[in-house]
Amino acid sequence: MEQQFDTSKIGMWLFLATEVLTFGALFAGFGLMQNKYPQEFVEAHEKLKRWAGSTNTVVLLVSSFTAVMAVLMARTNQAKKCAMYLWLTVGCAGIFMCIKAYEYTSDFEEGLYPAKYYSHVGDLIPGSHGYATFFSFYFMMTGLHGLHVLIGMGLMSWLAIRASRGEFSDKYYTPVDLVALFWHLVDLIWIYLFPLYYLIT
Amino acid sequence: MSTHTEHAENPKAETVKYSITLVALLILTAITIGASYINFGSGNVVIALTIATIKGSIVALIFMHLLHDKPVNAVIGVAGFIFLGIFLLFDFLDVGSRTNPQPINLHPMPAVTAPATAGAPAAADTKKE
Amino acid sequence: MEHTLTSGAVLGDRPRPVKNYLNETTGIWSWMSTVDHKRIGIMYLCAVCFAFLLGGIFALLVRLSLLNPQHTLFGKVWVTAEMYNRFFTLHGAIMVFLFIIPAIPASLANFVLPMMLGAKDVAFPRINLMSFYLWCIGAIMAIGSMVIGAVDTGWTFYTPYSTTTDGAVGLMTMAVFILGFSSIFTGLNFIATVHKLRAPGMGWFDMPLFVWGIYATGVIQILATPVLAITLVLLLIERVFQIGIFDSRIGGDPVLFQHFFWFYSHPAVYIMILPGMAIISEIIPTFSRKTIFGYRAIAYSSVSLALLSFIVWGHHLFVAGESDLANVVFSALTFLVAIPSGVKMFNWLTTMYKGNISFETPMLYALSFLFLFAIGGLTGIFFSTLAVDIHLTDTYFVVAHFHYVMMGGTVIAFLGGLHYWWPKMTGHMYSEKWGRIACALVFIGFNMTFGSQFLMGGQGMPRRYFNYLDQFQPIHAFSTYGSWVLGSGLFLTAIYLLASLKTGPLAPDNPWGGTTMEWESSSPPVVHNFEEQPVFEHEPYDYRHRTVTHV
Chain Z
586 MEQQFDTSKI GMWLFLATEV LTFGALFAGF GLMQNKYPQE FVEAHEKLKR WAGSTNTVVL
646 LVSSFTAVMA VLMARTNQAK KCAMYLWLTV GCAGIFMCIK AYEYTSDFEE GLYPAKYYSH
706 VGDLIPGSHG YATFFSFYFM MTGLHGLHVL IGMGLMSWLA IRASRGEFSD KYYTPVDLVA
766 LFWHLVDLIW IYLFPLYYLI T
Chain U
33 MSTHTEHAEN PKAETVKYSI TLVALLILTA ITIGASYINF GSGNVVIALT IATIKGSIVA
93 LIFMHLLHDK PVNAVIGVAG FIFLGIFLLF DFLDVGSRTN PQPINLHPMP AVTAPATAGA
153 PAAADTKKE
Chain W
-8 MEHTLTSGAV LGDRPRPVKN YLNETTGIWS WMSTVDHKRI GIMYLCAVCF AFLLGGIFAL
52 LVRLSLLNPQ HTLFGKVWVT AEMYNRFFTL HGAIMVFLFI IPAIPASLAN FVLPMMLGAK
112 DVAFPRINLM SFYLWCIGAI MAIGSMVIGA VDTGWTFYTP YSTTTDGAVG LMTMAVFILG
172 FSSIFTGLNF IATVHKLRAP GMGWFDMPLF VWGIYATGVI QILATPVLAI TLVLLLIERV
232 FQIGIFDSRI GGDPVLFQHF FWFYSHPAVY IMILPGMAII SEIIPTFSRK TIFGYRAIAY
292 SSVSLALLSF IVWGHHLFVA GESDLANVVF SALTFLVAIP SGVKMFNWLT TMYKGNISFE
352 TPMLYALSFL FLFAIGGLTG IFFSTLAVDI HLTDTYFVVA HFHYVMMGGT VIAFLGGLHY
412 WWPKMTGHMY SEKWGRIACA LVFIGFNMTF GSQFLMGGQG MPRRYFNYLD QFQPIHAFST
472 YGSWVLGSGL FLTAIYLLAS LKTGPLAPDN PWGGTTMEWE SSSPPVVHNF EEQPVFEHEP
532 YDYRHRTVTH V
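Protein chains in written order, with this note's numbering: chain Z, 586 to 786; chain U, 33 to 161; chain W, -8 to 542.
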């Protein structure tokens, strides 16, 4: 059993490594475009809502805490608390998505669309492609991240249902551990995303 | 799972550990937000990324259990970041050192003179090359 | 049933089990829902061979288009430049993504690697099956894109042409995206298997070198393929939404696409060659009846090749607009990456020295590999030399170089491995006579086709060009004739291998006298590979204690 647990963990870490490179490549593209359009990117940063990004960061950190607590509860045979912590994690993720949805809609209202749909007026360097590129990357990366949050929510909900059925114990808590690892990666990506998009001035 | 059973025997201690970690992460978040209001010039990016890396390391080591796990998992996780770093390093090396030089044997374009009517066949001859 | 090797040794046999992995369960659903690595390996084998056929047909069309500069056959023009662009694009894309990247890991290694470790299966059998279905989906999408509007960008999809051309670029790139995940999951599976599923007593340095090669390949698959996935997504989004990342008219940088693309695609060529080298490391000791020379050197060189492959990709961008500093750095690093390959070549040759060599078909392919890969690898050094690359890049010289390493290397090794493990996988021996004839045809045809291209490239014939100067016509024609010889050799191989399933003599457990663990199972193996859990007892390639009869 331990061999299977260790094997599954290696498998999950290998998958996480691929995620690091996936998002990392997007970060690289973002960084290189920032290099190309420094002024436009700085100006575009200001248009994002700092309070929303900061709140989301806090929410995700709390959800990381609840996720690791869920694993602890699973392996100490506290099934009810495990389910509770898993639902709390889902709840935090839900808050994250709501704040993101609000951000997106208010950005769209200002004409801050990605790529060729960018229609904001009042930029300091009109006609420059840098703004549209910034928002393209912003929506792509937060969109891909949001997709991962949704997937995580789905997986955690499924696990919470299984936990309340008593399927996990100190003898078998592999799925909780693996999904929690995935969730921590989602948090980790946001830890980098937040300062690079919201805080650089 | 011997390392896990050690910890499992003491869930209260584990909970305290995780709670302290969360508080540390929240403090670091506050610091990074605060630092962004102060203008360090290009140092802002460095500070932001450094704090982000510290936060990320804490999440990886404690929340993701890398500190107590078998080393192979940490090697895999770190490898992802190292190779991402390689990608970034060489890309910035290229983009940052481009000078767009002109070819060294570039000749200026010869001036094109309007062909005189009498000299038109001669002009046509030279053009045939 | 006994089998006599040409060297005269006779190998005994234990009773052949009635039920093996092929006939234990029957019916198409038992195959489609299998999680048995051997069955998945066989399905993959059929799949990649189909892809090889498709890519090969396009190759023949490419060569046929270039038979003469007027593009005529029997006096009639039959091909246009647009068609030609699609031929070479599809040849490249199918061969690279549908055949050569998955071929050895997903078919041969899938079958053999767990058995070499004494395991029952890979670490994640269901993910193994999912990987196969992802390949199938990617293949269907790729073929679909050919039908809808075949891509003509070259397999490298360089921007800005790929962001603006019509042709089903989106569908093809998404097919490759899916195939990338198939590749990632295969690599993930093998890495976990090697870490955790070795037989009791088998340490890292007791594993066969084939396993080291596949492990190193898996490392590359995990770390490089995600970047390709993102590159293709960005390409698609640029095409549809015009983000402004790769198209300079909207503020992008086309060279950035090439950085993104080659960060994967250079390590990808090591995904292609490392499994081939891994097979050679198995065949040479077996057919020299001698312990491999420098086991640790070969093992370390496999891993270091995987790691070094990540720091050289810029050599594909030497004339693309990369800065001079980056050019010089990448040129220097590319010289480094040649060293591990050289280490292996020397070790293989030294293994053969004073060995008891026999020349069955797998060994003939292995010897061909040594010759052809040496040429391919050495011409690679020409390209790492920045000053030479400026002149040779994008000519037929580079086409010849990469065909020597990819086809002369990987495909030849694949054929060698196919023949080597054919008795194990199918339980039948193929015809040695036809094997040797086909190998000769393949070798001669290959050198005709691609050796001549070195000459053309050196004289300046550019690649991917439809029209060419009359002076190149004799060489082009010779290359085309060579492609027919090569094609006939490959076609012949398919025929006699398939025929062996019906008429080939039954194979013993260990027809070649191999020392690795897969030879201790029956041919074909039972469903769980071994009748009892094997325990690691002697080093691989240990011919000193080898007894001739199998107990």
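Cβ atoms here follow ideal geometry from the backbone N, Cα and C, with glycine treated the same way.
So, under 8 Å CB-CB, residue i and residue j are touching, yes? Tell me the CB distance rounded to an integer number of Å.
i        : j        : result
W/Val476 : W/Ile435 : 6 Å
W/Thr208 : W/Ile262 : 5 Å
W/Phe360 : W/Ala404 : 5 Å
W/Tyr35  : W/Ala97  : 4 Å
U/Thr207 : Z/Leu646 : With chain U covering 33 to 161 only, the question about residue 207 of chain U has no answer from this structure.
U/Ile94  : U/Thr53  : 5 Å
Z/Val644 : Z/Ala765 : Actually they do not touch by this definition, with Cβ atoms about 17 Å apart.
Considering Cα atoms alone, identify which of the options is closest to residue i.
i        : options                                   : result
W/Gly346 : W/Phe278, W/Val517 and W/Asn438           : W/Phe278
W/Ile264 : W/Thr370, W/Glu313 and W/Met398           : W/Met398
Z/Phe572 : W/Ser174, W/Met165 and W/Trp20            : The structure shown does not extend to residue 572 of chain Z, since chain Z is modelled only from 586 through 786, so no value can be given for it.
W/Thr341 : W/Gly46, W/Thr282, W/Ser21 and W/Tyr12    : W/Thr282
W/Leu226 : W/Asn520, W/Thr164, W/Arg189 and W/Val210 : W/Thr164
W/Ser122 : W/Gln212, W/Glu523 and W/Phe49            : W/Gln212
W/Ile128 : W/Leu170, W/Leu358, W/Ala329 and W/Val526 : W/Leu170
W/Leu406 : W/Leu483, W/Phe445, W/Pro465 and W/Phe78  : W/Leu483
W/Lys67  : W/His82, W/Gly505, W/Leu55 and W/Phe521   : W/Leu55
W/Gly400 : W/Ile95, W/Ser443, W/Phe65 and W/Met268   : W/Met268
W/Ile85  : W/Ala329, W/Ile118, W/Pro499 and W/Ala130 : W/Ala130
In three-state terms, what does DSSP make of residue i?
i        : result
W/Thr386 : strand
W/Thr63  : strand
Z/Tyr757 : strand
W/Val167 : helix
W/Leu497 : strand
U/His97  : coil
Z/Leu763 : helix
U/Pro140 : coil
Z/His730 : helix
W/His519 : coil
W/Thr540 : Residue placement at W/Thr540 is flagged as unreliable, the pLDDT there being 35, under the threshold of 50; the coordinate-derived value follows with that caveat. If DSSP states are grouped into helix, strand and coil, W/Thr540 belongs with coil.
U/Val91  : helix
W/Gly419 : The displayed chain sequence assigns His, not Gly, to residue 419 of chain W. It is a strand residue.
W/Val9   : coil
W/Pro191 : coil
W/Val68  : strand
W/Pro266 : helix
W/Pro217 : helix
W/Pro453 : strand
W/Phe252 : helix
Z/Leu784 : helix
Z/Glu688 : helix
W/Ile205 : helix
W/His529 : coil
Pairing CB atoms from the region 233 to 242 of chain W with CB atoms from the region 158 to 177 of chain W, are three or more of them under 8 Å? Verdict: no, contact absent.
Would you check if the region 705 to 725 of chain Z and the region 749 to 762 of chain Z touch, i.e. whether three or more CB-CB distances between them fall below 8 Å? Counting Cβ pairs under 8 Å, fewer than three are found: no touch.
Along the region 607 to 628 of chain Z, what residues have a CB closer than 9 Å to any CB found in chain W? Contact residues of the region 607 to 628 of chain Z toward chain W are Thr607, Phe608, Gly609, Ala610, Leu611, Ala613, Gly614, Leu617, Met618, Lys621 and Tyr622 (C-beta to C-beta distance below 9 Å).
Residues in the region 586 to 605 of chain Z with C-beta within 7 Å of chain W's C-beta atoms, listed in sequence order? Along the region 586 to 605 of chain Z, the positions whose C-beta sits under 7 Å from a C-beta of chain W are Gln588, Asp591, Thr592, Ile595, Gly596, Leu599, Phe600, Ala602 and Thr603, read in chain order.
Whether or not the region 265 to 274 of chain W and the region 413 to 430 of chain W are in contact is what I'm after, with contact meaning three or more pairs of Cβ atoms, one per stretch, closer than 8 Å; do they touch? Segments in contact, no.
Can at least three beta-carbon pairs, one atom from the region 52 to 63 of chain W and one from the region 108 to 124 of chain W, be found at a separation below 8 Å? The region 52 to 63 of chain W, when compared against the region 108 to 124 of chain W, does not touch it at the 8 Å Cβ threshold.
When you compare the region 425 to 434 of chain W with the region 459 to 473 of chain W, are there three or more beta-carbon pairs, one atom per stretch, that lie closer than 8 Å? No: the two stretches stay apart, fewer than three of their Cβ pairs being nearer than 8 Å.
Touch test, the region 691 to 705 of chain Z against the region 227 to 240 of chain W, Cβ-Cβ under 8 Å, three pairs minimum: Touching, yes, given that three or more Cβ pairs across the two stretches are closer than 8 Å.
Does the region 622 to 633 of chain Z come into contact with the region 708 to 718 of chain Z, if we say contact requires no fewer than three beta-carbon pairs (one atom in each stretch) closer than 8 Å? As far as the Cβ criterion goes, the region 622 to 633 of chain Z touches the region 708 to 718 of chain Z, which means the pair count is three or higher.
Validate contact between the region 663 to 673 of chain Z and the region 599 to 613 of chain Z using beta carbons, cut 8 Å, 3 pairs: Short answer: they don't touch.
Short of 8 Å Cβ to Cβ, which residues in the region 719 to 743 of chain Z face chain W? Close to chain W, meaning a Cβ-Cβ distance shorter than 8 Å, are the following residues of the region 719 to 743 of chain Z: Ser721, Phe722 and Met725.
I'd like to know if the region 10 to 24 of chain W and the region 493 to 507 of chain W are in contact, where contact means that at least 3 CB-CB pairs between them fall below 8 Å. The region 10 to 24 of chain W and the region 493 to 507 of chain W do not touch, with fewer than 3 CB-CB distances between them shorter than 8 Å.
Does the count of Cβ pairs from the region 130 to 141 of chain W and the region 99 to 107 of chain W closer than 8 Å reach three? Cβ pair count under 8 Å is below three, so no.
Between the region 310 to 328 of chain W and chain U, which residues of the former have a C-beta closer than 8 Å to a C-beta of the latter? Residues of the region 310 to 328 of chain W whose Cβ lies closer than 8 Å to any Cβ of chain U, in chain order: Gly312, Glu313, Ser314, Asp315, Leu316, Ala317, Val320 and Phe321.
Taking beta-carbon pairs under 7 Å, can you tell me which members of the region 96 to 123 of chain W lie near chain Z? Look at the region 96 to 123 of chain W: the residues with a C-beta under 7 Å from a C-beta of chain Z are Ala114 and Phe115.
Contact between the region 186 to 193 of chain W and the region 523 to 531 of chain W: three or more CB pairs below 8 Å? By the criterion of at least three beta-carbon pairs nearer than 8 Å, the region 186 to 193 of chain W is in contact with the region 523 to 531 of chain W.
The region 751 to 777 of chain Z: positions lying closer than 7 Å to chain U by Cβ: Along the region 751 to 777 of chain Z, the positions whose C-beta sits under 7 Å from a C-beta of chain U are Asp755, Leu766, His769, Asp772, Leu773, Ile776 and Tyr777, read in chain order.
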